[in-house]
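Asker: Residue 983 is where the sequence shown starts when you use the working numbering, and the numbers rise one by one after that. Can you read through this structure? Questions will come right after.
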Amino acid sequence: MATVGVDAGEVAGERRQLINVAYRLLGSVTEAEDAVQDAYARWYALPRSRREGILSPGAWLTTVTSRICLDLLGSARARRERYVGAWLPEPLPGRSVAGRSGGTGTTGPADPAEQIVLDESVSMAFLVVLDSMTPAERVAFVLHDVFRYPFAEVSDVLGRTPAACKQLAASARRRVGGARAPLPAAGRADVVRRVKEAWETKDIVALVGVLDPAAVMTADGGGMVGTVLRPVEGGARIAQYMVAIADRAPGLEILVRPVNGVPGLVARRSGVVVTVASFDVSDGRVSRIWVVRNPEKLRPWTREG
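What follows is the structure, encoded as structure tokens:
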């Protein structure tokens, strides 16, 4: 292989792309950052002559980061069994981040959450579907369908033939295929505002009216804060639960804010974000609610105003 010079700035500039890949693979900003840091540590641990012989540092870093994520996904089952209650991906604040999925990286700001491109592939609904896949399916699907890496490169990550990787991506695609097309932002924002107003006024009838009768609410407190440990099913039951929460939490400030790039609700107490809620909307009603209360997963929201 020909020897080429490796520009340090070029290598550092891959970080944003790596963070974007790792977050979609892991659903955790913290774990994504750790995986990328580990990949860079392995890069700089290589002898200089070895680094200079790598024609595409970005491809090398992506492969290593993806393998690290694959290992983490493989051990996630055991970690989830110890997790208290339901596990949900970490919600992202709706900062304005330039760029698009699959683009070339830039050094960007230091906070990894600020480097994640907010598009449909990081919506909570999409991340929950990704979490239902096997680790190999998820890696094949994210790398190929989201970031457009060829199956020849995906095979280097998974240690399988390109044909096998293509089958994995097809299997993952079938899981995603059942998902409905997202409601336009304006329509979604209107539904979320109606939820907010009904919740603030403790109007059960209005809440039932905006919730699908078969709606499901899943909450993630991680055993660190109080919340339901099992999904709440049915619009009427969810409405009653939300009103009960409002009764027990006087002074809670409810705000409509972008969550993973789409309208959601943020609850603050004394200026501190304590709850982030994401919604799936169909036919003008809320069909799914994902509530994250685990404070460790709300760290990216500490600077939200």
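Beta carbons are placed, not taken as given, at the ideal position from N, Cα and C, and that holds for glycine.
(1) Could you check what DSSP says for Met1106 in three-state terms: helix, strand or coil?
(2) Hey, Thr1200 and Trp1272 are a contact pair by Cβ (cut 8 Å); roughly how many whole angstroms apart?
(3) Count the other CB atoms, across all protein chains shown, that sit within 10 Å of the CB of Gln1143; report buried if there are 16 or more and exposed otherwise.
(4) Could you check the C-alpha separation between Arg1239 and Pro1075 for me, to the nearest Å?
(5) Which runs of the alpha helix (DSSP H) at least 4 residues long sit entirely within the segment 1200–1283? Give them in chain order.
(6) Just the Cα atoms here: how many angstroms apart are Arg1003 and Arg1175?
(7) Out of Glu992, Gly991, Leu1150, Gln1019, which has the shortest C-alpha to C-alpha gap to Ile1001?
(8) Does DSSP put Ala1197 in a helix, a strand or coil?
(9) For a test of the three-state rule: what should DSSP assign to Val1094, helix, strand or coil?
(10) Please report the residue range of the alpha helix (DSSP H) in which Trp1042 lies.
(11) Taking DSSP as the reference, what is the three-state secondary structure of Val993?
(12) CB-CB under 6 Å to Val1198, same chain, minus the five flanking residues each way: which ones, in chain order?
(13) Select from Thr1045, Asp1262, Asn1276 the residue whose C-alpha is nearest the C-alpha of Met1106.
(14) Are there three or more Cβ pairs, one per stretch, closer than 8 Å when the segment 1005–1014 is compared with the segment 1108–1125?
(15) Determine the extent of the alpha helix (DSSP H) in which Arg1155 is found, giving its start and end residues.
(16) In the DSSP output, what is Pro1318 paired with across the bridge?
(17) I want to know whether the segment 1229–1246 touches the segment 1037–1046 - three or more CB-CB distances under 8 Å.
(18) Between Ala1068 and Arg1061, what straight-line distance do the alpha-carbon atoms span, to the nearest angstrom?
(19) From the DSSP output, in three-state form, read off Pro1075 for me.
(20) Within its chain, find whatever has a CB closer than 7 Å to the CB of Thr1302; leave out the 5 residues flanking it on each side and keep chain order.
(21) Pro1245: buried (16+ other C-beta within 10 angstroms of its C-beta) or exposed?
Answerer: Based on what the coordinates show:
(1) helix
(2) 6 Å
(3) The question names Gln, but residue 1143 in the sequence shown is Thr. Result: exposed.
(4) 8 Å
(5) 1217–1230
(6) Just to set this straight, residue 1003 is Val in the shown sequence, not Arg. Approximately 32 Å, taken between the alpha carbons.
(7) Gln1019
(8) strand
(9) According to the sequence provided, residue 1094 is Pro. The question's Val does not apply to it. The answer is helix: DSSP assigns Pro1094 an H, G or I state.
(10) 1039–1064
(11) helix
(12) Pro1213, Glu1215, Arg1270
(13) Asp1262
(14) yes
(15) 1144–1159
(16) Given a span of 983 to 1287 for the chain in the structure shown, any question on residue 1318 remains unanswerable.
(17) no
(18) 12 Å
(19) strand
(20) Because the chain is modelled from 983 through 1287, residue 1302 falls outside the range shown and cannot be assessed.
(21) buried
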